[in-house]
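> The sequence shown begins at 0 in numbering that gives the first Met the number 0 and counts up one residue at a time.
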Amino acid sequence: MLQDTRRTDVGPGIGVRPVYSRAPRNTHGAEPMNETLILLAHPALEKSRINRQLADAVRNLEGTTFHDLYEAYPDFDVDVRREQQLLEEHDLVVLQHPFFWYSTPPLIKQWEDLVLEHGWAYGLQGTALRGKRLLSAITTGGREDAYRPDGHNRFTIRQLLAPIEQTFALCGMEYLPPFVVHGALGMTDEEIRGHARDYRRSLEALRDGSLDLEAAGRQPRLNLRLDELIRDGEEDG
Ligand SMILES: Cc1cc2nc3c(=O)[nH]c(=O)nc-3n(C[C@H](O)[C@H](O)[C@H](O)COP(=O)(O)O)c2cc1C
């Protein structure tokens with residue numbers, strides 16, 4: 000389902016009838032809030048423990064459009080113009096998915112292959128995504144210590160995410176340190192709720208410009224020492 004919480008007016012058609020509601024603007028008066036597009040890709044969300052709760056924590060976040068790719072395209076028949084228009088309308092793109100074979104679920108690959116067209120996303124005339132930012136938000140079965148050179152998976156998460164980082168870097172996008180929930184298997188409900196809260200706080204802080212991106216860039220993942228990264232340290236809801 001596509002939920003756009005950004006406006007009450009009906010904008011240019013994107014092929015569906017999303018629920019629109021106007022997001023409040025930044026009350027500090029300076030910069031307008033960033034518009035965030037969350038692209039969720041989970042092939043079996045009904046069986047998910049973690050991604051479902053992460054998604055529930057952010058799907059109605061103000062200034063955010065929530066887009067469930069497997070729900071929109073169960074047959075992988077991606078509407079390229081609609082997806083490109085959504086990308087054009089947002090500053091921050093979040094790719095949320097479980098880590099599958101050190102990569103994304105296949106629909107994200109299909110989406111990339113079709114949507115990131117030459118002459119639009121890259122190439123001489125392909126400037127549509129320049130200056131935007133991309134955040135990977137992933138969950139892994141493997142524990143954090145398994146993603147080390149001397150660990151079970153031999154590579155760090157950041158190394159394994161390099162194809163995504165470089166794909167969007169080629170399109171002129173800034174790749175943020177990923178939001179990673181490790182050790183998905185056997186996690187308690189309380190731990191999952193904690194990660195869902197952190198996810199919401201991270202996206203709120205990115206939207207509001209209150210997350211210290213320079214400090215975050217020195218960390219392996221965004222959701223490490225989050226209290227130190229978020230300037231006002233306030234939590235919403
Ligand atoms: C097909 C498949 C491949 C997977 N590959 C990996 C992997 O490469 N690394 C890893 O840490 N976990 C892997 N897992 C575990 C999932 O990442 C984990 O089940 C998921 O993040 C849990 O999230 P959920 O509760 O939202 O489904 C894999 C799971 C499946 C079903």
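A virtual CB, placed ideally from N, CA and C, is assigned to each residue, including glycine.
Restricting to runs no shorter than 4 residues, where is the alpha helix (DSSP H) found entirely within the stretch 75–115?
79–87 and 105–114
> List the DSSP bridge partners of S135.
Translated into positions along the sequence shown, residue 135 becomes position 136. DSSP output for S135 lists L94 as bridge partner(s).
> Touch check for the stretch 50–62 and the stretch 116–135: three-plus C-beta pairs under 8 Å?
no
> Between the Cα of Q218 and the Cα atoms of S47, L38 and P177, which residue gives the shortest distance?
Here residue 218 refers to the residue found at position 219 of the sequence shown. Of the listed residues, the one whose Cα sits closest to Q218 is P177.
> How far does the beta strand (DSSP E) with F65 in it reach, from first residue to last?
For this step, residue 65 is matched to residue 66 along the sequence shown. T63 to D67 is the extent of the beta strand (DSSP E) around F65.
> How many Å lie between G232 and L91 at the Cα?
Working through the sequence shown from its first residue, we reach residue 232 at position 233. Working through the sequence shown from its first residue, we reach residue 91 at position 92. Bear in mind that the predicted position of G232 carries a pLDDT of just 46, short of 50, making it too unreliable to give a figure here.
> How should A183 be labelled, buried or exposed, when 16 other C-beta atoms within 10 angstroms of its C-beta is the threshold for buried?
Here residue 183 corresponds to residue number 184 of the sequence shown, with the count starting at 1. Buried is the call here.
> Does any heavy atom of ligand 1 sit closer than 7 Å to the C-beta of Y101?
Position 102 of the sequence shown, counted from the first residue, corresponds to residue 101. For ligand 1, a non-hydrogen atom lies closer than 7 Å to the CB of Y101.
> Going by the beta-carbon positions, is the gap between P104 and H181 smaller than 8 Å?
On the sequence shown, position 105 is the one that residue 104 refers to. On the sequence shown, position 182 is the one that residue 181 refers to. Contact: no.
> Tell me the rounded alpha-carbon separation between T126 and E82.
Here the question's residue 126 lines up with position 127 in the sequence shown. Here the question's residue 82 lines up with position 83 in the sequence shown. One alpha carbon belongs to T126, the other to E82, and they sit about 15 Å apart.
> Is it true that the stretch 140–157 meets the stretch 199–210, where meeting means three or more beta-carbon pairs spaced less than 8 Å apart?
no
> Could you spell out where the beta strand (DSSP E) holding L39 opens and where it closes?
Here residue 39 refers to the residue found at position 40 of the sequence shown. That run of the beta strand (DSSP E) goes T35 to L39.
> Could you compute how far the alpha carbon of I107 sits from the alpha carbon of L60?
By one-based count along the sequence shown, residue 107 stands at place 108. By one-based count along the sequence shown, residue 60 stands at place 61. Going from the Cα of I107 to the Cα of L60 covers about 23 Å.
> Would you mind giving the Cβ-Cβ distance between L159 and Y101, rounded to the nearest angstrom? I have them listed as a contact below 8 Å.
In the sequence shown, residue 159 corresponds to position 160, counting from 1. In the sequence shown, residue 101 corresponds to position 102, counting from 1. The C-beta distance from L159 to Y101 rounds to 5 Å, short enough to meet the 8 Å contact threshold.
> Ignore the nearest five residues each way along the sequence and tell me which others in D112's own chain have a CB closer than 6 Å to its CB.
Counting from 1 along the sequence shown, the entry for residue 112 is found at position 113. Counting only Cβ-Cβ distances below 6 Å, and skipping sequence neighbours, we find nothing.
> DSSP has Y121 in a bridge; who is on the other side?
Here residue 121 refers to the residue found at position 122 of the sequence shown. According to DSSP, which records beta bridges pairwise, Y121 is partnered with H117.
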